[in-house]
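For the sequence shown, the working numbering gives the first residue as 18, with consecutive numbering after it.
What follows is one structure encoded as structure tokens, with my remarks underneath.
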Amino acid sequence: MTRFAWLLGVMGLVACGDKDDTGEGSAVEDDGPAAEECLNLVSETFPATGTADAFYMTSVEFTLQTVEADATVTVTGPSGEVSGSSVVDGNRVLWTADAPLEASTAYEANLNWSCEATTIAFTTSDVGSEVPATDLTGNVYSLPLTEGRFVEPEGLGEIIGGLLDVSVLIEVTSATETDLEMMGALASETDPNAQDLCTETIDFPAVADFSANPFFSVGPADTLISVAGIDIAVDDLAISGAFSPDGDRIAGAAFSGSIDTRPLVELVGTGTEEDSVCALVLGFGIECIACSDGSGNFCLALAVEDMTAEIVAGTDLVPVGPDDVESNPDCATTTP
């Protein structure tokens, strides 16, 4: 349990501070007299200003210290203003494009608010052009959850990421111009590029939608992930992203679902009651939701974005079912 003891310290620091002043991104500071007169500030942006490999389907976010209901964001590119919509969500001002951005293109995002206009500049990566489906069949990709941007539960990304220190492997088993058949597996705790043969593979019930090539989305599916020898149920797992032109990586990968917090009680050491983790996160204004098994509100919504899944050369996933795990002598030591 000492492996996770530091998380309690992190929770204490977050609880004592302003969660909106932390996290990945870019703090934007204005210099000069105008900034001194401003009663608000931008604590974080996404993408960070100067980003050179932004996802072509990215949103743009400005996180403010104080909520501004009338704030808006506009984005301009080589051809002028980009069509999109701007909304205020708490202390975040978000912009979403009506259509994907162009690949390898420079953009500027402008925040219009009570202070002097603030601008960030970013450039999209080479991802965005169509990829021949035949080039993807048999490819296996490693998706490291800890390298993503945790957007749910809000403000607890570092904590949840510290618990879910796992990678998910994804294989394209067959491909057409509009659909992909995919299989998922949990990676070994000691090697993110090797399959954990003591965990059942993820069998998605439907093919992945590939009609917006190079973008795909697959799921939802229910599965288990194993952390420190403890199985954690994941409901409604969905994965999406876009393949690079050479098919060697998945950019803008996103992972969403809900996790059963009851096994995390032992990992975090917050108490002995099955709702201990839910009681803890409630202190941050986050409520647990109903689990799919009907047992109660013990699950936590999870969303991780902006990951890159690199191809794992020379690897094929092996289908693993419950009988395979039970008959594998190497799995006996991993059973809690």
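Beta carbons are placed, not taken as given, at the ideal position from N, Cα and C, and that holds for glycine.
| Asked | Found |
| --- | --- |
| Under 8 Å, do G355 and A255 count as touching if we go by C-beta distance? | With the chain covering 18 to 353 only, the question about residue 355 has no answer from this structure. |
| Would L111 and E78 qualify as a contact pair, given that the criterion is a beta-carbon distance under 8 Å? | yes |
| Three-state secondary structure (DSSP) at T207? | coil |
| Return the CA-CA distance between E291 and Y73, expressed in angstroms with no decimal places. | 42 Å |
| Could you round the C-beta distance between S102 and T91 to whole angstroms and report it? I think they count as a contact, below 8 Å. | About 11 Å; that fails the 8 Å criterion. |
| If you measure between the beta carbons of T89 and Y124, is that distance less than 8 Å? | no |
| Hey, how far is the Cα of C348 from the Cα of P336? | 15 Å |
| Measuring straight from C-alpha to C-alpha, what distance separates L25 and I276? | Caution applies to L25, whose pLDDT of 42 falls short of 50 and renders its modelled position unreliable; the value that the coordinates give is listed next. Cα to Cα, the separation comes out at about 19 Å. |
| Classify S344: buried if its beta carbon has 16 or more other beta carbons within 10 angstroms, exposed otherwise. | exposed |
| Kindly identify the DSSP beta-bridge partner or partners of Q370. | This structure cannot speak to residue 370, because the chain is shown only from 18 to 353. |
| What are the boundary residues of the alpha helix (DSSP H) that E343 is part of? | P339 to S344 |
| Might you give, ordered along the chain, the residues of its own chain that have their beta carbon closer than 6 Å to the beta carbon of F232, omitting 5 neighbours on each side? | A259 |
| With DSSP as the reference, please indicate the residues paired to F233 in a beta bridge. | G258 |
| Are there 16 or more other CB atoms within 10 angstroms of the CB of D252, so buried, or fewer, so exposed? | buried |
| For the structure I just gave you, are there three or more beta carbon pairs, one from the stretch 306-326 and one from the stretch 157-173, closer than 8 Å? | yes |
| Identify whether L118 lies in helix, strand or coil by the three-state DSSP scheme. | coil |
| When you compare the CB positions of D213 and A202, do they come within less than 8 Å of one another, or not? | yes |
| Within the continuous alpha helix (DSSP H) that includes C295, where are the two ends? | S293 to L299 |
| Can you check whether the CB of T151 is closer than 8 Å to the CB of T68? | no |
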